[in-house]
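Report on one structure; see the data block that follows.
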Amino acid sequence: MILDSTGTALVIVYLCSLLAIGWFARRASAESSLKDYYLAGGSLGVMSLFFTLYATQYSGNSFFALPGKAYRDGIMAGAFILGVMSIVLIYLLYAPKLHRIARQEQFISVGDYILWRYQSNALLYTVNAVFVVVLVTFILGNLKAIGLLLSTGSGGLLSFAQAIILVCIIMAVYETLGGMRGVIWTDMIQGLMLMGGSLIVFFLLLGRTDTGLMNHPELLLTETARFFSQPAPTHQFISLVLLIALGAAVYPQAIQRIYAARSETTLRRSYTLMFFMPLLTTLPLFLIGISGAEWFSDLNRAESEQIVVIAISDLLTDGSSLSWLLALYMGAAIAAIMSTIDSGLLTLGSIVNKDVIARRYPEIPQPRLHQIGRRLTWMMMAAMAAMAILLPNTIWSLLVLKLELVIQVFPAVVLGLRMPQLRTEAILGGLLTGCAVAVALRAWPQLSPLTDIHSGIWALTINLLTLALLQYLYNKRTRKPARR
1 MILDSTGTAL VIVYLCSLLA IGWFARRASA ESSLKDYYLA GGSLGVMSLF FTLYATQYSG
61 NSFFALPGKA YRDGIMAGAF ILGVMSIVLI YLLYAPKLHR IARQEQFISV GDYILWRYQS
121 NALLYTVNAV FVVVLVTFIL GNLKAIGLLL STGSGGLLSF AQAIILVCII MAVYETLGGM
181 RGVIWTDMIQ GLMLMGGSLI VFFLLLGRTD TGLMNHPELL LTETARFFSQ PAPTHQFISL
241 VLLIALGAAV YPQAIQRIYA ARSETTLRRS YTLMFFMPLL TTLPLFLIGI SGAEWFSDLN
301 RAESEQIVVI AISDLLTDGS SLSWLLALYM GAAIAAIMST IDSGLLTLGS IVNKDVIARR
361 YPEIPQPRLH QIGRRLTWMM MAAMAAMAIL LPNTIWSLLV LKLELVIQVF PAVVLGLRMP
421 QLRTEAILGG LLTGCAVAVA LRAWPQLSPL TDIHSGIWAL TINLLTLALL QYLYNKRTRK
481 PARR
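Residues in the sequence shown are numbered consecutively from 1, following the UniProt record's numbering.
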């Protein structure tokens, strides 16, 4: 699949426009402070918050990992759709209250909330360690996705490594210039491209083919009923829904967007819009992936993650003048991936800058920390590019790995907010135990009591049991009457 000259020109224009947006975002900056750089001054309205949430949530995982999973495992990948819709319900459980506290206490990083709630450096560093690992895998998965996309779309003109380096330079420039404001402005464009691209590709493939489950709803319903008639797949499906809903709801970049919202009303309205977006984005890509197993039956695991690209390429071989479709898909996919990477990178920078540097050296003035944040962007982007080029993991494996770890932070963020009686020691003990179990089950899956349940869910269960036990022991000790 190779872009023609028109398609190539459109992609180049789009990438250059991001640099211009970064420049305008810098001019709109009100001050040289961490709040302005990492939270856009805390002034996001409904549409800007919606589009940055939307563009960040739907990423390379949507365009590559999800269709690839649907190609390989069929109905099982549908758990991604239900999981993403359920994320909004978790947001509504804790986001409004967290927003009120964040405005009062002037939070910037996720660590600010952890330290305010628990008054524990040990818990702060543990949570941040988990978030750093999660953000690194998050960024790596999407860099791999964009490397595959551009190297394939350019017909080999750009190698996998060159594509990653090019995109990293562009993102580093506009993020350095505009901070979160630059990220959000680009997210609004990227969100529109993502939504339009996925829908147009779906309907054109639907109209040009007469095979595959996407063209025969009755067969899809039959296959779904057969799938859920078996206990093992059903358990795995529910496990994946929970993993996505509970894990993705506490992504650190999503929490920072709670801080950046203008008001609680803004949050609720944006989340209401977000609830329906899987039906317009992930569902079409899921149907393409599951139908692709019938269209192209001999793809290996790596090739399956490019099933949408392969389907478009096959559509163009019949002589149809649809080269613009390829450019549209390329633009939409690039937009989705870049919006995810830049958000993750910005949050990673805030952890290092606010929770490490600023906390260790409180005498450093805000303008100086602002400059440090810009330099961190370039340093971390270079490191991420090198790791994405060298590490061999598939996109889906990186997606599952980060969810299995980040879900262990759920009790600290959500339960700790809703249940003020929870002790710091109980939260920390549960988090450490959960992470240890998640890593152990990832390394030795045969240790899992039921392989149908994701290791992250087992680990969260142990996390919660440990938390409950430690909390019980503390309560029992404090209630014990004094000896006479």
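Yeah, the Cβ is synthetic: ideal placement off N, Cα and C, and Gly gets one too.
{"Asked": "Length of the line joining the Cα atoms of Q119 and R418", "Found": "17 Å"}
{"Asked": "At least 3 beta-carbon pairs within less than 8 Å: the region 67–75 vs the region 287–294", "Found": "yes"}
{"Asked": "Rounded separation between W458 and L82 - CA only", "Found": "20 Å"}
{"Asked": "Separation of A145 from A336, as counted between CA atoms", "Found": "10 Å"}
{"Asked": "Strand pairing of A382, partner residues [DSSP]", "Found": "Bridge partners of A382: none, in fact."}
{"Asked": "Among W23, S86, A25, L473, the one whose alpha carbon lies nearest that of T272", "Found": "S86"}
{"Asked": "Outcome for G416 when other beta-carbon atoms lying within 10 angstroms are tallied against a minimum of 16", "Found": "buried"}
{"Asked": "Inter-residue Cα distance where the pair is R483 and K476", "Found": "Only weak support is given to the placement of R483: the predicted model assigns it a pLDDT of 45, under 50, and the value that follows is read from those uncertain coordinates. Each residue's Cα considered, the two are about 15 Å apart."}
{"Asked": "Cα-Cα separation between M171 and M188, rounded to whole angstroms", "Found": "15 Å"}
{"Asked": "Residues that A40 bridges to, as DSSP identifies them", "Found": "A40 pairs with nothing; no bridge assigned."}
{"Asked": "Other residues of its chain near M387: CB distance less than 7 Å, five sequence neighbours each side excluded", "Found": "L140"}
{"Asked": "Backbone CA spacing between A65 and R375 [nearest angstrom]", "Found": "31 Å"}
{"Asked": "Contact set for E303: own chain, Cβ-Cβ below 8 Å, skip 5 residues either direction", "Found": "I310"}
{"Asked": "Residue nearest to Y413 in terms of C-alpha spacing, selected from C168, V127, A436, D342", "Found": "The residue asked about is misnamed: residue 413 is Val in this sequence, not Tyr. The shortest Cα separation from V413 among C168, V127, A436, D342 belongs to V127."}
{"Asked": "Local conformation of A436 per DSSP, three classes", "Found": "helix"}
{"Asked": "6 Å CB neighbourhood of A385 in its chain, flanking five on each side removed", "Found": "I164, I165, C168"}
{"Asked": "Three CB pairs or more closer than 8 Å across the region 258–265 and the region 86–103", "Found": "yes"}
{"Asked": "Close-in-space but distant-in-sequence residues of the same chain around A79 (CB under 6 Å, 5 per side omitted)", "Found": "F237, L240, V241"}
{"Asked": "Secondary structure of A482, DSSP reduced to three states", "Found": "Interpretation of A482 is limited by its pLDDT of 45, a score under 50 that renders its predicted location unreliable; the figure taken from the coordinates is listed afterwards. Three-state result, A482: coil."}
{"Asked": "Three-state secondary structure (DSSP) of A311", "Found": "helix"}
{"Asked": "Residue from I184, V132, L467 with nearest C-alpha to T340", "Found": "I184"}
{"Asked": "Rounded distance between the beta-carbons of L243 and F410, thought under 8 Å", "Found": "Actually they do not touch by this definition, with Cβ atoms about 11 Å apart."}
{"Asked": "Sequence-distant residues of its chain with Cβ nearer than 7 Å to L19 (five each side left out)", "Found": "I170, V173, Y174"}
{"Asked": "For Y94 and S159, the rounded distance between their alpha carbons", "Found": "44 Å"}
{"Asked": "Top-ranked residue by Cα proximity to Q256, from S343, L143, Q408", "Found": "S343"}
{"Asked": "Cβ-based neighbour list, R269, same chain, cut-off 6 Å, excluding 5 preceding and 5 following", "Found": "V46"}
{"Asked": "Residue from V439, T424, A333, L221 with nearest C-alpha to G191", "Found": "A333"}
{"Asked": "Collapsed DSSP secondary structure at A459 in the structure displayed", "Found": "helix"}
{"Asked": "Exposure label - V11; buried when at least 16 CB within 10 Å", "Found": "buried"}
{"Asked": "For A327 and S198, the rounded distance between their alpha carbons", "Found": "12 Å"}
{"Asked": "Top-ranked residue by Cα proximity to S48, from I108, I114, R181", "Found": "R181"}
{"Asked": "Contact under 9 Å by Cβ, K35 with I114", "Found": "no"}
{"Asked": "Per-residue burial, S5 [other beta carbons within 10 Å of its own, 16 or more giving buried]", "Found": "exposed"}
{"Asked": "First through last residue of the alpha helix (DSSP H) which encompasses D112", "Found": "110–118"}
{"Asked": "Proximal residues to L194 (C-beta, below 7 Å), its chain only, five neighbours per side dropped", "Found": "A55, Y58, T281, A332, A335, A336"}
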